[in-house]
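Asker:
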Amino acid sequence: MYLSKKRTLWLGLISDILLWLGIVHLFRWVRYTGMIPLPPFSFEAFEEVSFWLSHYLGILMGLLFWSISKVSRTITYQYNLCYAHLILLKSLTGVSSLLIIGVFSIALIIAIFYPHMPLNTLFKSNFQLTVIAFLMYAGCWWVVLTIIEQLWNRLGPEMMFNLVTGKYQNPTEEERIFMFIDLNHSTTLAEQLGHTRYSQFLQDYYKDLHRSIEKHRASIYQYVGDEIVLTWKKQEGIKQQRYVRLFFDIQTTIQKRQAYYLSHYQHIPSFKAAANVGMVTVAEIGILRKEIAYHSDVLNTASRLITQCDILQENFLITEELKTLTPDLNSRAKGSIQVKGKMEKVSVYALS
Numbered sequence: 001m002y003l004s005k006k007r008t009l010w011l012g013l014i015s016d017i018l019l020w021l022g023i024v025h026l027f028r029w030v031r032y033t034g035m036i037p038l039p040p041f042s043f044e045a046f047e048e049v050s051f052w053l054s055h056y057l058g059i060l061m062g063l064l065f066w067s068i069s070k071v072s073r074t075i076t077y078q079y080n081l082c083y084a085h086l087i088l089l090k091s092l093t094g095v096s097s098l099l100i101i102g103v104f105s106i107a108l109i110i111a112i113f114y115p116h117m118p119l120n121t122l123f124k125s126n127f128q129l130t131v132i133a134f135l136m137y138a139g140c141w142w143v144v145l146t147i148i149e150q151l152w153n154r155l156g157p158e159m160m161f162n163l164v165t166g167k168y169q170n171p172t173e174e175e176r177i178f179m180f181i182d183l184n185h186s187t188t189l190a191e192q193l194g195h196t197r198y199s200q201f202l203q204d205y206y207k208d209l210h211r212s213i214e215k216h217r218a219s220i221y222q223y224v225g226d227e228i229v230l231t232w233k234k235q236e237g238i239k240q241q242r243y244v245r246l247f248f249d250i251q252t253t254i255q256k257r258q259a260y261y262l263s264h265y266q267h268i269p270s271f272k273a274a275a276n277v278g279m280v281t282v283a284e285i286g287i288l289r290k291e292i293a294y295h296s297d298v299l300n301t302a303s304r305l306i307t308q309c310d311i312l313q314e315n316f317l318i319t320e321e322l323k324t325l326t327p328d329l330n331s332r333a334k335g336s337i338q339v340k341g342k343m344e345k346v347s348v349y350a351l352s
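Here the sequence shown is numbered in UniProt numbering, starting from 1 and rising by one per residue.
1. With C-beta atoms as the reference, is Tyr276 less than 7 angstroms away from Thr231?
2. Does DSSP classify Gln266 as helix, strand or coil?
3. Ends of the beta strand (DSSP E) at Val277?
4. For Gln192 and Leu202, what's the separation of their Cα atoms in angstroms?
5. Roughly how many whole angstroms lie between the Cα atoms of Leu329 and Lys342?
6. Quick one: what does DSSP say Thr231 is sitting in, helix, strand or coil?
7. Check whether the stretch 179-198 and the stretch 267-276 are in contact - that is, three or more C-beta pairs closer than 8 angstroms.
8. Go ahead and label Ala274 buried or exposed: buried means 16 or more other beta carbons lie within 10 angstroms of its beta carbon, across all protein chains shown.
9. Short check: CB of residue 389 to CB of Leu312, under 7 angstroms?
10. Near Gly62, which residues of its chain fall below 6 angstroms by C-beta distance, leaving aside the five closest residues on each side in sequence?
11. From Gln240 to Asp249, what distance separates their C-alpha atoms?
12. Using the rule of at least 16 other Cβ atoms within 10 Å of the residue's Cβ for burial, across every protein chain shown, is Lys340 buried or exposed?
13. Under the three-state reduction of DSSP, which class applies to Asp204: helix, strand or coil?
14. Assuming Arg332 is part of the beta strand (DSSP E), what are its boundary residues?
15. When the Cα atoms are used, what is the spatial distance from Thr281 to Tyr243?
16. Could you pull out every residue in the same chain whose Cβ sits closer than 7 angstroms to the Cβ of Leu135, ignoring the five residues on either side in sequence?
17. For the beta strand (DSSP E) holding Arg176, just list the boundary residues, first then last.
18. Does the beta-carbon of residue 436 have 16 or more other beta-carbons within 10 angstroms, so that it is buried, or is it exposed?
19. Does the distance from the C-beta atom of Ala350 to that of Glu314 stay below 7 angstroms?
20. Does the distance from the CB of Phe27 to the CB of Tyr206 come in under 7 angstroms?
21. Kindly give me the distance between the Cβ atoms of Ser96 and Leu53, rounded to whole angstroms, as I take these residues to be in contact under 8 angstroms.
22. Apart from the five residues on each side of it in sequence, which residues of its chain come closer than 7 angstroms, Cβ to Cβ, to Ile220?
23. In angstroms with no decimal places, state the Cα-to-Cα distance between Ile25 and His55.
24. Using the C-alpha atoms, what's the distance from Ser352 back to Arg332?
25. When DSSP builds the beta bridges, which residues end up paired with Leu317?
26. Going along the chain, which residues of its own chain have a beta-carbon closer than 7 angstroms to the beta-carbon of Ser69, five neighbours each way excluded?
27. With Ser303 as the anchor, note down where its alpha helix (DSSP H) starts and where it stops.
28. Over the uninterrupted beta strand (DSSP E) stretch that includes Gln222, give me the two end residues.
29. Using CA coordinates, which residue listed in Ala259, Gln169, Lys215 and Pro171 is at the minimum distance from Leu9?
30. Could you check the C-alpha separation between Gly166 and Lys323 for me, to the nearest Å?
31. Taking its Cβ as the centre, do 16 or more other Cβ atoms sit within 10 Å of Phe161, making it buried, or is it exposed?
Structure, rendered in structure tokens:
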């Protein structure tokens, strides 16, 4: 795992903690400014305690949200839950945890700050109304953030950010790497397994691909049947040779899962890939359903190049432009190939 991946984990944890600190302190501010129609406390000392209590709750809830998010992703990989079930499971877990935290926090407040205060005095202070209001407030935030998180996972961080900010409402040019990964012998396999089992096979196959895709920070542009199209911004893709490492990391993952595929489908998936780099036009398209689209000969070349893998008996082909950006690769020149739709021949290299 790269250092950048570790930094991403730490960044996610810190972001969740800061987010929940903000959420909890917002409730505290609204509560004491009178914007929530709740009776004031009958003892003023709690107002000082609430400042530190908000810090404690914010940090604790941030840690809890981050931890449950990581566990839920593992559950998704293992059990292939749909988004509705995953949101429901995480929301119920979170709200239940909030109740436990609430009870524990009340006990902690009483034990530390008011050890000699009778319980009936605390309840007469309208403290319980604030606790109930806070649990409802935090529970609503938990559900909303869970839905947003699942949309984030569904679309990918880059695409969701771009759609929300409207970055590509006006067509923009970018240098990007595109990588096409195509499943071998898919037609034969579909006939042998039948459509339903073949679809299940693809689900497992793409799930294994997703681990490597996430690890090497690729964005999923499209699923096209048994083919997946990945993309990076140029510098992101060539950094640490991510586009190359991703291919071989997927091979390693499939090899480790051979026993599973043989027992369930009597077939071990194999695949081929082709990658290219260049300038593309990026634009947001659609009205009822929006998505980010890339237009360029760069994609056409990569798409045509993957059909050459079988002809050249290679698993991974890249263009000379991409080879120039990553010169230290273990590659073999395969000559210049006439690609359909292009006037000029394309210089190709095979990676191993």
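Glycine included, each C-beta is placed from N, C-alpha and C at the ideal position.
Remember, it's a predicted structure, so these values are computed and weren't measured experimentally.
Answerer: Let me lay it out:
1. It is Asn, not Tyr, that sits at residue 276 in the sequence shown. Contact flag unset, no.
2. In the three-state reduction of the DSSP assignment, Gln266 falls in the coil class, being assigned neither a helical nor a strand state.
3. Phe271 to Ile285
4. 14 angstroms
5. 26 angstroms
6. strand
7. Yes, the stretch 179-198 is in contact with the stretch 267-276.
8. buried
9. Given that the chain is displayed from residue 1 to residue 352, the structure contains no residue 389 and the question cannot be resolved.
10. Excluding residues up to 5 positions away in sequence, Asp16, Ile17 and Trp20 lie with their Cβ nearer than 6 angstroms to the Cβ of Gly62 in the same chain.
11. 13 angstroms
12. exposed
13. helix
14. Secondary structure note for Arg332: its beta strand (DSSP E) is the uninterrupted segment Ser331 to Ile337.
15. 21 angstroms
16. Leu98, Leu99 and Gly102
17. Its beta strand (DSSP E) spans residues Thr172 to Leu183.
18. What is shown of the chain runs 1 to 352, which leaves residue 436 out entirely.
19. yes
20. Their beta carbons are not under 7 angstroms apart, which means Phe27 does not touch Tyr206 by this criterion.
21. Wrong, their Cβ atoms sit about 21 angstroms apart, outside the cutoff.
22. Gly156, Ile213, Ile228 and Leu230
23. It is His, not Ile, that sits at residue 25 in the sequence shown. Taking the straight line from one Cα to the other gives about 8 angstroms.
24. 8 angstroms
25. BP columns for Leu317 point to Ala274 and Ala350.
26. Answer for Ser69: Glu149, listed in chain order.
27. For Ser303, the enclosing alpha helix (DSSP H) stretches over residues Asp297 to Ile306.
28. Ser219 to Val224
29. Lys215
30. A direct Cα-to-Cα measurement between Gly166 and Lys323 gives close to 33 angstroms.
31. exposed
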